[in-house]
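What follows is a short report on a single structure.
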């Protein structure tokens with residue numbers, strides 16, 4: 003089992019929205035960065051995902067989800083009506099990947115970016131070192147530190 007962090011803008015799709023989807027979950031689509039796509043391709047059902055609200059008043063880790071599908075080609079990349087359409091992607095050679103995630107739990111308290119930056123044990127997190135990356139790996143140790151910060 004691996005751990006990941008996935009960013010989402012809460013005014014577009016929040017942890018509340020994910021929770022409302024229930025056990026069916028939600029496709030994590032629209033990723034258009036090759037490194038983030040490669041992380042999606044590495045995911046397997048059962049992997050844990052931290053949900054991070056970005057582009058908001060207080061960016062923070064707010065809860066967690068679980069990967070519930072195998073990676074597959076992102077169908078939005080082939081749909082000219084989609085804002086995620088990519089004319090260079092094809093059914094024979096898909097460029098983009100999607101997985102489905104389901105809500106697991108809301109954390110007791112959000113862990114704000116400001117606190118993450120102040121925590122020495124998290125200094126090597128991809129969230130801080132590659133801040134524009136929308137999907138990134140999280141070590142078991144980093145996950146545990148974040149979890150502990152959520153209950154303090």
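In my numbering, the protein residues as written are 3 to 154.
Beta carbons: idealized from backbone N, C-alpha and C, even for Gly.
* Which of helix, strand or coil DSSP assigns to residue 11 -> coil
* To do: Mind reading off the beta-carbon distance from residue 11 to residue 83? Whole number of angstroms is fine, and I expect it under 8 Å.
  => Contact flag wrong, Cβ pair sits at about 21 Å.
* When you compare each of 115, 135, 143, 111 to residue 2 by their alpha carbons, which one comes out closest? -> For residue 2 there is no data in the structure shown, the boundaries of the chain being 3 and 154.
* Assuming residue 54 and residue 26 form a contact by the criterion Cβ under 8 Å, report the distance between their Cβ atoms to the nearest whole angstrom. => 22 Å between Cβ atoms; not a contact.
* Around the Cβ of residue 132, are there at least 16 other Cβ atoms within 10 angstroms (buried) or fewer (exposed)? -> exposed
* With 16 other Cβ atoms within 10 Å as the buried cut-off, status of residue 122 -> exposed
* Asked: Hey, would you say residue 71 sits closer than 8 Å to residue 47, going by beta carbons?
  -> yes
* Among 66, 143, 6, which residue has its Cα nearest to the Cα of residue 108? -> 66
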